[in-house]
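Take 1339 as the starting number for the sequence shown in the working numbering and just add one per residue. Beta carbons are placed, not taken as given, at the ideal position from N, Cα and C, and that holds for glycine. What follows is a short report on a single structure.
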Amino acid sequence: MQIQDRPITDWLPITKKEVERRGWEELDVILISGDAYVDHPAFGPAVIGRIIENEGYKIAIIPQPNWKDDLRDFKKMGKPKLFFGVTAGCMDSMVNHYTANKRRRSNDSYTPGGEAGFRPDYATIEYTKILKELYPDVPVLLGGIEASLRRVTHYDYWSDRLMPSILESSGADMLVYGMGEQPLREVLKLLSKGVPFNSLTTIPQTAFIRKQEEELPKNKNWETIEINSHEKCLDDKLAYASNFKHIEQESNKLHANRIIQKIGENNLIINPPFYTMTEEEMDQSFDFPYTRLPHPKYKKRGAIPAYDMIKFSVNMHRGCFGGCSFCTISAHQGKFIASRSEKSIMKEVNHVTAMPDFKGYISDLGGPSANMYKMKGIDESICEKCVSPSCIHPVVCHNLDTSHQPLIDIYRKVDEHPDIKKAFVGSGIRYDLLVKDYNKRADDTIDEYMEQVLRRHVSGRLKVAPEHTSDATLKIMRKPSFKHFHAFKKKYDEIDKKYNLNQQLIPYFISSHPGCEAQDMAHLAAETKEMGFKLEQVQDFTPTPMTVATVIYYSGVHPYTLKPYYTAKSKEEKLEQHQFFFWYKSEYQSKIRKRLEKLGLNDLTIKLLSRAPQKKEDFKPAHAKYGSNKNAKPQQEQKEGKRNGKSRNDKKKRNFDNDKPFNPKSKNFRSGGGHPNSNNKNRKNKQKSYK
Ligand code: SF4
1339 MQIQDRPITD WLPITKKEVE RRGWEELDVI LISGDAYVDH PAFGPAVIGR
1389 IIENEGYKIA IIPQPNWKDD LRDFKKMGKP KLFFGVTAGC MDSMVNHYTA
1439 NKRRRSNDSY TPGGEAGFRP DYATIEYTKI LKELYPDVPV LLGGIEASLR
1489 RVTHYDYWSD RLMPSILESS GADMLVYGMG EQPLREVLKL LSKGVPFNSL
1539 TTIPQTAFIR KQEEELPKNK NWETIEINSH EKCLDDKLAY ASNFKHIEQE
1589 SNKLHANRII QKIGENNLII NPPFYTMTEE EMDQSFDFPY TRLPHPKYKK
1639 RGAIPAYDMI KFSVNMHRGC FGGCSFCTIS AHQGKFIASR SEKSIMKEVN
1689 HVTAMPDFKG YISDLGGPSA NMYKMKGIDE SICEKCVSPS CIHPVVCHNL
1739 DTSHQPLIDI YRKVDEHPDI KKAFVGSGIR YDLLVKDYNK RADDTIDEYM
1789 EQVLRRHVSG RLKVAPEHTS DATLKIMRKP SFKHFHAFKK KYDEIDKKYN
1839 LNQQLIPYFI SSHPGCEAQD MAHLAAETKE MGFKLEQVQD FTPTPMTVAT
1889 VIYYSGVHPY TLKPYYTAKS KEEKLEQHQF FFWYKSEYQS KIRKRLEKLG
1939 LNDLTIKLLS RAPQKKEDFK PAHAKYGSNK NAKPQQEQKE GKRNGKSRND
1989 KKKRNFDNDK PFNPKSKNFR SGGGHPNSNN KNRKNKQKSY K
């Protein structure tokens, strides 16, 4: 059905008129969101709104309210009976607004027309403060990735300081972390029984603040652990770092402990998470009566880029057991995979094919990592006691069932759909699961999967993320040795040749990750050149809240071992690392030459900058280099002990942000990307009221 043919009541109301049209005089819940309202299961506010509606409550959304005028957007619906829900949107507002180099982006994928300036910085805090000013007696419940990952003392890269729990900074009453469905249903259930909001203290996956003199809420199933106080973290970086191990472990356990942290005279109380969502619960979240369209109010304001990117895609599962140290997916969605049923996935595929502008191409049959669908522990009683942040690092767990059969079955079913010409897998594929030397207990389905993907589901380029070539840096990233990427490429090339596919393999890499030094980047450039790559999908590390890498960036130590690690921090150091990706650009070559000279890596100058093809035997990959020479110091040994490397001599400041607009499906979603033409001066004028 076309957008204009649908009654407005097919969407959740976002204006007073739409509320009145439903005959509602009062609302139970009002959601304030930093994103435009897209009624699609990929957009958190839509899912949350549909759950509340499904539970029989009257709900309205106020998307992207103007926070700079007389606050009419916040007042237009009056006050709700139960609570205000507040979210910054699908991304942390600071990751959305700024590049890795802290330059303001000129675009916003979650706003019509891709326009920037419709959401405040630190949106969750800003919105909550306004609500508490206007309606001090109405509870505010926070959710979404910004609140979730800022639930405890965290490093904020953009203000370069530690911030307390967002509950403290905002003044909100409660916070739901992770995916919100289960805690939200529990909140609604208890409120409907007449439990006052401030008595909701034993709901899993929620956090709140209470006076220290108050007794801790009772729950006989939970043990409580206390982490270093916010004040101690401010005084001592090691205290902050050591907190993280507990926070990460408790977030990823099946039977976790409750965490408390002192903030001034209060206790921050973080209840343990819910169990992983069942297939039935997952299906329900995706099967609500979404229109799968942006609200018609945005019609004249242009397309919403994030929606355009996913409108023909289908998400099959949530969670990721990779545990990469720079990534927030498992911190937010959890380590255990929650999968949808095949029936629910095929139902959504049918919806997509029925869309009027569908041309026969599904853009993504995926998930946070494409090939984790239905994967879980063989013996789940072992998982129940597990504290590992990753199921596949440093080795693939012997208890992990990595059969790709359920995934192959769905790919084939979708492939056979009469209205589908091609269904692509656009989400990142964990290549390491497909390499027998690394995934030692893998069955034959990994080969079958790889053939199926390369022959039927690649749009000409397959993107995978080795992230680095230096094994020492990869270890800190919680990624496998680069030798496994070589093995994957070999297998990829064989299939490509066998079926005459002529498709490109595109690897992703990160510069300036904690533990990575300039010489690692020089070796990365040389090794990838030798493999025939001219890199383009690259990014500079951004320390986003609640990752291992961010803890190392700020504290200088690894949170699990408290061992010191070097991180490139100054613009010059970061630029120096980043430019190695682009050895083939003439404007960087003389700088790279000088740097290689300074690093004593003259042998790489010929390999990297000479036009003549190099003989293979001249080249030694970085991992082989240290592995074969018993007297050579492992790179990590050289790095440990260096906490703050000096700035390089290259004083000229240049913007090295990515020059592409922000892409919510790219790796930038996790760590930030950029646009060099960011401009803040018109921001105020751009902010409009939608009333
Ligand atoms: S036991 Fe293995 S499969 Fe289970 S959670 Fe731990 S690492 Fe993952």
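- When C-beta atoms of the stretch 1470–1487 are compared with those of the stretch 1410–1422, three or more pairs fall below 8 angstroms, so the two segments count as touching.
- Taking 8 angstroms as the upper bound for CB-CB distance, Ile1468 and Phe1412 are in contact here, some 6 angstroms apart.
- In this structure, Gly1705 lies near Asn1653, with their beta-carbon atoms less than 7 angstroms apart.
- Between the stretch 1368–1382 and the stretch 1623–1643 there are three or more inter-stretch CB-CB distances shorter than 8 angstroms, so the stretches are counted as touching.
- For Ser1849, the secondary structure class from DSSP, reduced to helix, strand or coil, is strand.
- Between the beta-carbon of Ile1390 and that of Ile1352 there is about 14 angstroms, and that puts the pair past the 8 angstroms contact cut.
- Per the C-alpha coordinates, the member of Met1512, Trp1405, Ala1577, Ile1585 positioned closest to Pro1883 is Ile1585.
- Arg1410 sits exposed, since fewer than 16 C-beta atoms from the chains shown fall within 10 Å of its C-beta.
- Within the same chain, and ignoring the five residues on either side of Leu1772 in sequence, the residues whose Cβ sits closer than 6 angstroms to its Cβ are Ile1784, Met1788.
- Here the C-alpha atom of Pro1542 lies approximately 37 angstroms from the C-alpha atom of Gly1452.
- DSSP, read as helix, strand or coil, puts Arg1488 in coil.
- At a cut-off of 6 angstroms, the beta-carbon of Ile1667 does not count as near the ligand SF4: no heavy atom of the ligand is closer than that.
- Contact between the stretch 1673–1683 and the stretch 1613–1625 is present: 3 or more CB-CB pairs across the two stretches fall below 8 angstroms.
- Nearest to Pro1502 by C-alpha distance, out of Asp1446, Val1478, Lys1570, is Lys1570.
- Per DSSP, the unbroken alpha helix (DSSP H) holding Ile1784 starts and ends at 1783–1794.
- For Asn1777, the closest of Gly1640, Leu1738, Gly1518 by C-alpha to C-alpha distance is Leu1738.
- A straight line joining the alpha-carbon of Leu1900 with that of Leu1576 spans about 7 angstroms.
- With contacts defined as CB atoms closer than 7 angstroms, Ile1608 and Thr1562 fail to qualify as a contacting pair.
- Taking a contact to require three or more Cβ pairs closer than 8 angstroms, the stretch 1392–1407 and the stretch 1354–1367 qualify as touching.
- The beta carbon of Arg1360 sits closer than 7 angstroms to those of Thr1347, Pro1351, all from its chain and outside the five residues before and after it, given in chain order.
- The Cβ-Cβ distance between His1670 and Gly1516 falls below 7 angstroms.
- At a cut-off of 6 angstroms, the beta-carbon of Ile1541 does not count as near the ligand SF4: no heavy atom of the ligand is closer than that.
- Non-local C-beta neighbours of Ala1510 in its own chain, meaning closer than 6 angstroms and more than five positions away in sequence, comprise Thr1466, Val1478, Leu1480, ordered along the chain.
- Looking at Met1615, Leu1554, Pro1611, Val1734, the one whose alpha-carbon comes closest to that of Asp1770 is Val1734.
- The continuous stretches of alpha helix (DSSP H) do not include Gly1516, and DSSP gives it neither H nor E.
- Per DSSP, the unbroken beta strand (DSSP E) holding Glu1805 starts and ends at 1799–1805.
- Shortest gap from the CB of Leu1738 to any heavy atom of the ligand SF4: under 6 angstroms.
- In this structure, Thr1943 keeps its C-beta atom at 7 angstroms or more from the C-beta atom of Glu1865.
- In this model, Ser1924 and His1795 are separated by some 36 angstroms (Cα to Cα).
- Separation of the CB atoms of Ile1748 and Ile1700 is rounded to 11 angstroms, and the pair is thereby denied contact status at 8 angstroms.
- Per DSSP, the continuous beta strand (DSSP E) segment holding Thr1544 begins and ends at 1544–1549.
- The criterion of a C-beta distance shorter than 7 angstroms is not satisfied by Phe1696 and Thr1885.
- The alpha-carbon separation between Pro1555 and Leu1526 amounts to approximately 19 angstroms.
- Under the DSSP assignment, Val1433 falls in the alpha helix (DSSP H) whose first and last residues are 1431–1435.
- Minimum Cα-Cα distance from Glu1786 among the listed residues Gly1798, His1822, Ser1819, Thr1740 corresponds to Thr1740.
- Rounded to the nearest angstrom, the Cβ distance from Lys1673 to Asn1604 is 30 angstroms, too far for a contact under 8 angstroms.
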